[in-house]
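Peer 1: Quick note: the sequence shown uses the working numbering, first residue 4, plus one each step. No residue lacks a Cβ here, since even glycine has one placed at the ideal position from N, Cα and C. My questions all concern the structure below.
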Amino acid sequence: MKICITASGTSLEAPVDPRFGRCPFFVFVDTESMAVEFMPNEGAAAAGGAGIQAAQNVAKKGASAVITGNLGPNAIQTLKGAGIEAYQAQGTTVADAVEKFKRGELSPIGAPTTPPHSYGGEVGTGTGGGQGRGGQGGSGQGRGGPR
4 MKICITASGT SLEAPVDPRF GRCPFFVFVD TESMAVEFMP NEGAAAAGGA
54 GIQAAQNVAK KGASAVITGN LGPNAIQTLK GAGIEAYQAQ GTTVADAVEK
104 FKRGELSPIG APTTPPHSYG GEVGTGTGGG QGRGGQGGSG QGRGGPR
């Protein structure tokens with residue numbers, strides 16, 4: 004079975020990256036032969052739709068399962084539509100995640116674990132003190148966002 008693990012680097016000792024759509028690398032592992040392939044995540048810096056693009060790329064590579072830290076609603080929907088199971092692993096290496104998967108020790112991800120458009124950073128509160136437009140001292144809405 005071919006599985007895909009989100010990774011912070013290009014080694015089996017790299018940490019599992021908690022972000023699916025914005026992880027730096029995907030590691031594809033054949034659980035029977037232990038053949039390994041590393042692939043940069045080309046959509047990691049996308050302005051939007053990173054989770055959907057990542058899920059489509061994982062499906063194109065023929066993975067039957069994904070191991071990651073978190074999945075947003077669009078990514079999980081795209082993975083489910085492609086028949087790809089998702090499992091959660093955090094605080095471990097790619098190699099350890101593969102072994103835990105093979106032993107059936109990883110928890111399935113059945114629902115989104117992050118809100119839409121989560122970029123993995125702290126999200127602002129949206130309470131900034133904007134000055135408004137037109138120079139009349141109006142009070143505009145501040146824009147929260149990744150910091």
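From residue 102 to residue 48, what does the alpha carbon distance come to, in whole angstroms?
Peer 2: For this step, residue 102 is matched to residue 99 along the sequence shown. For this step, residue 48 is matched to residue 45 along the sequence shown. Cα to Cα, residue 102 sits roughly 30 Å from residue 48.
Peer 1: So what's residue 50 in DSSP terms, helix, strand or just coil?
Peer 2: As a first step, residue 50 must be located in the sequence shown, where it is residue number 47. Reduced to three states, the DSSP call for residue 50 is coil.
Peer 1: Counting beta carbon pairs with one atom in the region 78 to 86 and one in the region 52 to 70, are three or more of them shorter than 8 Å?
Peer 2: Cβ pair count under 8 Å is three or more, so yes.
Peer 1: In whole angstroms, give me the CA-to-CA distance for residue 33 and residue 66.
Peer 2: Stepping through the sequence shown from its first residue, residue 33 is reached at position 30. Stepping through the sequence shown from its first residue, residue 66 is reached at position 63. Approximately 9 Å between the Cα atoms of the pair.
Peer 1: What is the C-beta distance between residue 11 and residue 20, in whole angstroms, given that I count them as a contact (C-beta under 8 Å)?
Peer 2: As a first step, residue 11 is located in the sequence shown; it is residue number 8 there, counting from the start. As a first step, residue 20 is located in the sequence shown; it is residue number 17 there, counting from the start. The pair is a contact, with the Cβ atoms about 5 Å apart (cut-off 8 Å).
Peer 1: Report the rounded CA-to-CA distance for residue 111 versus residue 73, giving the unit in angstroms.
Peer 2: If you number the sequence shown from 1, residue 111 lands on position 108. If you number the sequence shown from 1, residue 73 lands on position 70. Going by the C-alpha atoms only, they are around 11 Å apart.
Peer 1: Excluding the 5 residues preceding and the 5 following residue 98 in the sequence, name in chain order all residues of the same chain whose CB lies nearer than 7 Å to its CB.
Peer 2: Locating residue 98 in the sequence shown gives position 95, counting from the first residue. Result list for residue 98: 15 and 16, in chain order.
Peer 1: For residue 107 and residue 117, I'd like the C-alpha separation in whole angstroms.
Peer 2: Counting from one through the sequence shown, the residue named residue 107 turns up at place 104. Counting from one through the sequence shown, the residue named residue 117 turns up at place 114. About 24 Å.
Peer 1: Take residue 4 and list the residues in its own chain whose beta-carbon comes closer than 8 Å to its own, dropping the five residues that flank it on each side.
Peer 2: Within the sequence shown, residue 4 is the residue found at index 1, counting from 1. Result list for residue 4: 33, 34, 35, 67 and 68, in chain order.
Peer 1: Using the DSSP secondary-structure output, state which residues sit across from residue 110 in a beta bridge.
Peer 2: For the purposes of this step, residue 110 is taken as residue 107 along the sequence shown, with counting starting at 1. Answer by DSSP bridge pairing, in chain order: 91.
Peer 1: Please report how far the alpha carbon of residue 127 lies from the alpha carbon of residue 9, in whole angstroms.
Peer 2: Looking up residue 127 in the sequence shown gives position 124. Looking up residue 9 in the sequence shown gives position 6. At residue 127, the pLDDT of 39 sits below 50, so the modelled position is not reliable and the matter cannot be decided from this model.
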